[in-house]
Amino acid sequence: MGAGKMAKSGVNNTLLKQRNRGLILKLIATGQCSSRIELSQKTGLAKMTVTYIVNEFLERGIFEERQKVQVEGKGRNPVQLCISDKAPKLIGVHLYREICSVILCDIQLKLLKKICFPVTEETAPQLMEHIFHALDQIMETLGDEKIYGIGIGAIGPVDKNRGKILAPPNFYGLHDLEIAREIEEHCHMPVFFDGESNCAAIMEKYYGAGTDCEDFIYVDLANGVGSGLVVNGELYANTSGMICELGHTSIDWQGEPCSCGNRGCLERYISRNVLESQLQKVTGDMKDFRGFCQEMDEAIKEGEGNTFTKRQQDMDRVFTEMTEKLSCALVGFVNSLNPQKIIIGHEGYWIPDPYLCKIEKLVNERHIERKYRQIQVVKSGFKDEATVYGCTGALLTAVFEGSFFD
């Protein structure tokens, strides 16, 4: 089963070679470099070392060379390094409360196949059989394709080190599910596992809204409120593999009891289901959360916030209260973690922009270093699918760390 971060110990020659190969692959895959010269400048590696690794990747079918568009009068065409269509692919499993998605994609997240099925009240063996069936369907389509392994992004809380889903609230009583071990035994492939919000966060760093910063919080607004934290360009987790839990940050010590054992947890007030229920109550309409967000977005654009109907005023109050409560929890995180940016994803992607601006304004009025720096609040680079694409995040991190290179 895939491990987490590398141990803090001396680096032998083999490990150094692996890291260098992983780094060069990452820089080409994420578009940070496109030539040998750029790779040498970015990594600080000798040109000869870069050329050796690039040639190795060309021979293995991981890289290919393409000529850029000819610029008249500028000499010969420059050669661009790209990820080859023959490069090994990734399989991902995203397991959430309501749905499970199994995907096949390349290392630049081009989606090649996706299978989804609803998660209902069933036993752990039944659930695993559904996952195995979807994985088998993906495997049947591979042909001669090479695969790095399987990544899993799962509903939390999780024990990352043991590849186990612990005891998620409202998850049909399922608990202590050793999903990583079972998939590894079924598929006979390397398996890398993490919580879904962590996976989404690292994918935002590689390909999404976090590519331009080293420190950010990813907020996953869905049937709960998840979070992932990137620090110094890397995913944060402690030695036990536990992650930060924004949704179980209390904003009211006398508040509603939470299934986690605390009171006043954020997700008791602003999860998608809670907001959806409040919006249905004030409107008498049975739309889903995304539908209400789109309606409010259109109302804001048409009336510029000055000509709201009674229905729209009631909806505005729900959204405004959400901004206050989420900001309250985020300020505590900002004061503790000092991020450059907050990324809102999953169902939170659909929140109308003016309310995200309110969250940004409130956070920047209240955090302890407000006089010296401002925090950006932005939407996910993957719309509402960061957790789906992110399920390969733990696997892709291992690839970019060089774990698959001798």
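Heads up: the sequence shown begins at 1282 in the numbering used here, then just goes up one per residue. All C-beta atoms in this analysis are idealised placements derived from N, C-alpha and C, irrespective of residue type, glycine included.
Query: In this structure, how does DSSP classify Lys1286 when only helix, strand and coil are distinguished?; Result: A caution first: Lys1286 carries a pLDDT of 45, below 50, which makes its placement in the model too unreliable to give a value.
Query: Note down, in chain order, each residue of its chain lying with its Cβ closer than 6 Å to the Cβ of Thr1673, except the 5 sequence neighbours on either side.; Result: Leu1371, Gly1373, Gly1432
Query: Could you tell me which of Pro1449, Phe1473, His1467 sits nearest to Thr1678, measuring between CA atoms?; Result: Phe1473
Query: Please classify Met1287 as buried or exposed, where buried requires at least 16 neighbouring CB atoms within 10 angstroms.; Result: Below a pLDDT of 50, predicted positions are generally treated as unreliable, and Met1287, at 45, falls in that range; no measurement from the model is reported.
Query: Count the other CB atoms within 10 Å of the CB of Arg1598; is the residue buried (16 or more) or exposed (fewer)?; Result: exposed
Query: Does DSSP put Glu1537 in a helix, in a strand, or in coil?; Result: coil
Query: Between Cys1381 and His1411, what straight-line distance do the alpha-carbon atoms span, to the nearest angstrom?; Result: 9 Å
Query: Output needed for Ser1290: all residues of its chain with C-beta closer than 6 Å, excluding positions within five of it in sequence on either side, in chain order.; Result: Unreliable positioning characterises Ser1290 in this predicted model, as indicated by a pLDDT of 49, which lies under 50. A coordinate reading is not provided.
Query: Looking at the structure shown, is Gly1325 part of a helix, part of a strand, or coil, going by DSSP?; Result: coil
Query: Give the straight-line distance between the Cα atoms of Trp1631 and Ser1558, rounded to the nearest whole angstrom.; Result: 16 Å
Query: To the nearest angstrom, how far is the alpha carbon of Phe1686 from that of Cys1480?; Result: 22 Å
Query: Between which two residues does the alpha helix (DSSP H) containing Gln1559 stretch?; Result: 1553 to 1564
Query: Tell me whether Asn1294 is buried or exposed, calling it buried when 16 or more other Cβ atoms sit within 10 Å of its Cβ.; Result: exposed
Query: Compare the C-alpha of Arg1347 against each of Lys1622, Gly1662, Ser1315, Leu1502 and name the closest.; Result: Ser1315
Query: Please classify Val1400: does DSSP put it in a helix, a strand, or coil?; Result: coil
Query: Roughly how many angstroms lie between the CA atoms of Thr1668 and Glu1477, to the nearest whole one?; Result: 6 Å
Query: Using alpha carbons as the reference points, say which of Lys1298, Gly1505, His1467 lies closest to Ile1334.; Result: Lys1298
Query: Return the bridge partner residues of Gln1657 from the DSSP annotation.; Result: Lys1622
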